[in-house]
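Reviewing the structure listed below.
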Amino acid sequence: MDILNKLYRLAEKDGIPVLRLNLPLTKALSLLENSTCYIGIDETQFETSAEKKATLAHELGHCKTGSFYNQYSPFDLRERHEVRADRWAIEEIIPRQYFNDAINSGVTEPWELAELFNVPQQFVEKAVEYYYMLDLEAKKPAQR
């Protein structure tokens, strides 16, 4: 099963409606209403299946992690919620072991990884940053 269909099935299994909408300015969005997460996506706005897959995974990441921000709160940082959604999407589309296997087999250029995993290069660059950060954290000495 391809990843895009897997994402749609995961949303369905978890009771997250994915609504096809006309969203020319945002392409996709997610929102939480009465404890139910909804995803809206405008499939006509995507030039590639790679972009659509990364976007759906990101929006699903908001739902799966509960990462929604309140635009009216001065204490809520939008970027924190976006990063959580991105990290969920990265782990779902490019699991760390697959990423490491690709690197170890010689696929190291971001564009090569993007082709291999059928995601936009920008998504791969986020994955590189995220997995590099995890590697650095794993190497830190334990604090007392």
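For reference, each letter of the sequence shown is one residue, going 5 to 148 in our numbering.
We treat Cβ as the ideally placed atom computed from N, Cα and C, and that holds for glycine.
Assigned secondary structure, residue i (DSSP; H/G/I helix, E/B strand, else coil)
i	result
T40	strand
I97	helix
S53	helix
L81	coil
L35	strand
6 Å CB neighbourhood of residue i in its chain, flanking five on each side removed
i	result
Y42	P21 and L35
F50	K56
Residue span of the beta strand (DSSP E) that contains residue i, given as start and end
i	result
V22	V22 to R24
7 Å Cβ shell around residue i - same chain, five flanking residues per side excluded
i	result
R24	I45 and E47
L117	A106, V111 and V128
W92	G65, K68 and T69
Chain-order list of residues whose beta-carbon lies under 8 Å from that of residue i (same chain, five-residue window excluded)
i	result
L120	A106 and V111
S53	L8 and N122
Residue range of the alpha helix (DSSP H) that includes residue i
i	result
V128	Q125 to K143
Y12	I7 to K17
E119	P114 to F121
Identified DSSP bridge partners for residue i
i	result
I107	I107 pairs with nothing; no bridge assigned.
Discussion item. Under 8 Å, with one C-beta from each stretch per pair, do the stretch 65-75 and the stretch 98-118 reach the 3-pair mark?
Written reply: Pairwise C-beta distances place the stretch 65-75 out of contact with the stretch 98-118, as fewer than three of them are shorter than 8 Å.
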